[in-house]
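The next block holds one structure in the form of structure tokens; read it before the comments.
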């Protein structure tokens, strides 16, 4: 039988105001769900599923690059996904122009995206929409 006792890993790093901001921002529910699960260390990455002995998790490896797939790898660090982040940054952000996986992951986990600036103001989206769209796409 699969081990479904995953425990509770609540994030105490975010303030009440940050949580309010998280829920006020418009983003697709699937992106919000993924973001929420990442913050609470409950993402469905291969490593976590393999550690829980789930039947459909035959390996802890990424299906794209065969590296160990933990939460940062699932979201950003896989080279194939990093390409998406990097090309999106180059196309739509005025700063920074390239994607630093560690910085992106830290920004997502702390819900601090104020250091990123959209280049195209005519897009009428927030930086949170931008990040959520990339997260949903990959």
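Residue numbers (our numbering): 364 to 501. In this text, a Cβ means the ideal position worked out from N, Cα and C, and glycines have one as well.
For residue i, name the three-state secondary structure that DSSP assigns.
{"i": "residue 399", "result": "helix"}
{"i": "residue 480", "result": "strand"}
{"i": "residue 456", "result": "strand"}
{"i": "residue 463", "result": "coil"}
{"i": "residue 381", "result": "helix"}
{"i": "residue 390", "result": "coil"}
{"i": "residue 490", "result": "helix"}
{"i": "residue 497", "result": "helix"}
Measure the alpha-carbon distance for residue i versus residue j and round it to whole angstroms.
{"i": "residue 421", "j": "residue 409", "result": "8 Å"}
{"i": "residue 430", "j": "residue 490", "result": "29 Å"}
{"i": "residue 398", "j": "residue 428", "result": "23 Å"}
{"i": "residue 457", "j": "residue 449", "result": "13 Å"}
{"i": "residue 388", "j": "residue 476", "result": "12 Å"}
{"i": "residue 435", "j": "residue 400", "result": "12 Å"}
{"i": "residue 443", "j": "residue 432", "result": "13 Å"}
{"i": "residue 474", "j": "residue 376", "result": "10 Å"}
{"i": "residue 425", "j": "residue 413", "result": "12 Å"}
{"i": "residue 378", "j": "residue 386", "result": "13 Å"}
{"i": "residue 446", "j": "residue 459", "result": "15 Å"}
{"i": "residue 481", "j": "residue 418", "result": "42 Å"}
{"i": "residue 464", "j": "residue 415", "result": "26 Å"}
{"i": "residue 406", "j": "residue 488", "result": "26 Å"}
I think residue i touches residue j, with their Cβ atoms under 8 Å apart; what is that distance to the nearest whole Å?
{"i": "residue 468", "j": "residue 439", "result": "5 Å"}
{"i": "residue 394", "j": "residue 499", "result": "4 Å"}
*Can you list, in chain order, the stretches of the alpha helix (DSSP H) that have 4 or more residues and sit fully within the region 392-452?*
392-402 and 409-414
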